[in-house]
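Participant: The sequence shown begins at 25 in my numbering and counts up one residue at a time.
Virtual Cβ for every residue (Gly too), placed ideally from N, Cα, C.
Pasting a structure below so you can have a look.
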Amino acid sequence: LMAAALNEAVVSTSQKIDCEGGRYRVGGRNIHDHKKYQKLTPAEIIKYSSNIGSAKIGKMLERKALYSYLRDFGFGQRTGIDLPGEAVGLLRAPNKWFEADLANISFGQGVSVTPIQLATAVSTIANGGYLMEPYVVERVVDSQGQISHQNQPRVVRKVIARDVAQTVTRMMEMTTEDGGTATHARVPGFRVAGKTGTAQKVDAVTGTYSVDKRVASFVGFLPAEDPKLVMLVSIDEPYKVVYGGLTAAPVFSRIAAQAMQYLKVQPSEIIKAEDTLPSLDQIFVEAMAPERPLEQTVVNSDSTGGPQMPNFDGLSYRQVLEVMEEKQLNVSFRGRGRVVEQSPGPGVAIPYGAPVWVRLSPPS
25 LMAAALNEAV VSTSQKIDCE GGRYRVGGRN IHDHKKYQKL TPAEIIKYSS
75 NIGSAKIGKM LERKALYSYL RDFGFGQRTG IDLPGEAVGL LRAPNKWFEA
125 DLANISFGQG VSVTPIQLAT AVSTIANGGY LMEPYVVERV VDSQGQISHQ
175 NQPRVVRKVI ARDVAQTVTR MMEMTTEDGG TATHARVPGF RVAGKTGTAQ
225 KVDAVTGTYS VDKRVASFVG FLPAEDPKLV MLVSIDEPYK VVYGGLTAAP
275 VFSRIAAQAM QYLKVQPSEI IKAEDTLPSL DQIFVEAMAP ERPLEQTVVN
325 SDSTGGPQMP NFDGLSYRQV LEVMEEKQLN VSFRGRGRVV EQSPGPGVAI
375 PYGAPVWVRL SPPS
């Protein structure tokens, strides 16, 4: 999205986008950010993963242009990788999009992509704007030791200008900087560019988005200034902590650090004493720690510093989710409607790792 908008010059790097304080209504539905952002630059929209900012930029780009760029980046079609059974994903034609669809697709919902499509698209940024055809087998050697087939890097097409790719790379680097959504993706000695993702899964029974099942991901490349490796880490239905920046990003960090050693890529930055790989246990503890609550619901702490369960009685699914996402606490939902039961009860301390659920029922 951002690469397309910059390439078409519908947005500038210094432009401020009004993110509406965290809630924005479009096409009859509300779009939410996990924090109440006001005005953000395009770089900050990526850094903080603002759904509202992305939706507004998508509206500036318009549906036909967005669809065209998504196709150019390889979505909705096979990449041509030398593996059998490749899926095409799902990308509907723009004449079938409603107003809300444009907003959803702008921040990654309403489309279905395969891991290889996503990695290939991000590789386009890393390769200076050129989409490459991926392959697994470098060469085939016969019984006599002769090479019978040799794969070579092949440019499929130029998607964006090189300077735009460099600008987007710098924006993606900001996600790993202090305050970004992917600080746990850092690799000591290397500049990392990437993007987190926390996507709702589709319920196979209802055909709608699941209220409690998600896929957490982080896709990135390094060294950002001279990329040697693109990697996607995707965690299906993560347990306890659902955010890509807290689950997939630290896995990326550890694998990437070892990959750089294996590929004999030298660090480009001085490794400081405090630059250590993230501890997964510590990350999960941090994810359960309380932060600033939403105004309408107060989440207190007990004497041990752990969060206390709010009173959700009578609240909707969306209201509960806002509070728990603000706290970065996971919650399971049962039923639909308004909250009639919850566990733990209001005011009860939430032990680390304890199951948290609410039961909803239609208003009588």
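#1: For H173, count neighbouring Cβ atoms within 10 angstroms of its own Cβ and tell me buried if that reaches 16, exposed if not.
#2: From V380 to P386, what distance separates their C-alpha atoms?
#3: For a quick check, are the C-beta atoms of V226 and G244 less than 8 Å apart?
#4: Since E402 is in the alpha helix (DSSP H), which residue starts that stretch and which ends it?
#5: Got a sec? Which residues, its chain only, sit under 6 Å from A111 by beta carbon, not counting five neighbours each side?
#6: Thinking C-beta only, is T144 closer than 8 Å to T19?
#7: What's the C-alpha gap between I105 and E157?
#8: Which partner residues of N54 appear in the DSSP bridge assignment?
#9: Looking at T207 and G218, is the spacing between their C-beta atoms short of 8 Å?
#10: Counting along the chain, where does the beta strand (DSSP E) carrying A240 start and finish?
#11: Rounded C-beta distance between V257 and S234? I'm assuming under 8 Å.
#12: Helix, strand or coil for V165, going by three-state DSSP, please let me know.
#13: Are F97 and V34 closer than 8 Å when you measure CB to CB?
#14: If we count the other Cβ atoms within 10 Å of its Cβ and call it buried at 16 or more, is V344 buried or exposed?
#15: Nearest by alpha-carbon distance to E32: which of G45, I55, G82 and D57 is it?
#16: Could you check which residue in A127, P66, D236 and F357 has the C-alpha nearest to that of Q224?
#17: For the candidate residues G204, A248 and G231, whose alpha-carbon lies nearest to that of F214?
#18: Kindly confirm or deny that the region 55 to 70 and the region 107 to 121 touch, where touching means at least three C-beta pairs closer than 8 Å.
#19: From what residue to what residue does the alpha helix (DSSP H) around E44 run?
Facilitator: Reading it off the structure:
#1: Counting every other CB atom within 10 Å of its CB across the protein chains shown gives H173 a total below 16, marking it as exposed.
#2: Each residue's Cα considered, the two are about 21 Å apart.
#3: Using a Cβ distance threshold of 8 Å, V226 and G244 do not count as a contacting pair.
#4: Residue 402 is absent from the structure shown; the chain starts at 25 and stops at 388.
#5: Around A111: T138.
#6: In the structure as shown, the chain starts at 25 and stops at 388, and residue 19 therefore has no counterpart that could be examined.
#7: Whole-angstrom Cα-Cα distance: 7 Å.
#8: When beta bridges are read from the DSSP output, N54 appears opposite R49.
#9: Result no, Cβ atoms of G218 and T207 do not sit closer than 8 Å.
#10: Here the beta strand (DSSP E) through A240 covers Y233 to L246.
#11: That belief does not hold up - the Cβ atoms of V257 and S234 are roughly 21 Å apart, past 8 Å.
#12: Here V165 sits in strand by DSSP.
#13: No. Outside cutoff.
#14: V344 is buried by the Cβ-count criterion.
#15: Minimum Cα-Cα distance from E32 among the listed residues G45, I55, G82 and D57 corresponds to G82.
#16: That would be D236, whose Cα lies nearest to the Cα of Q224.
#17: Taking the Cα of F214 as reference, the smallest distance to any Cα among G204, A248 and G231 is reached at A248.
#18: Of all C-beta pairs linking the region 55 to 70 to the region 107 to 121, fewer than three are shorter than 8 Å, placing the two stretches out of contact.
#19: Run containing E44: none; DSSP gives neither H nor E here.
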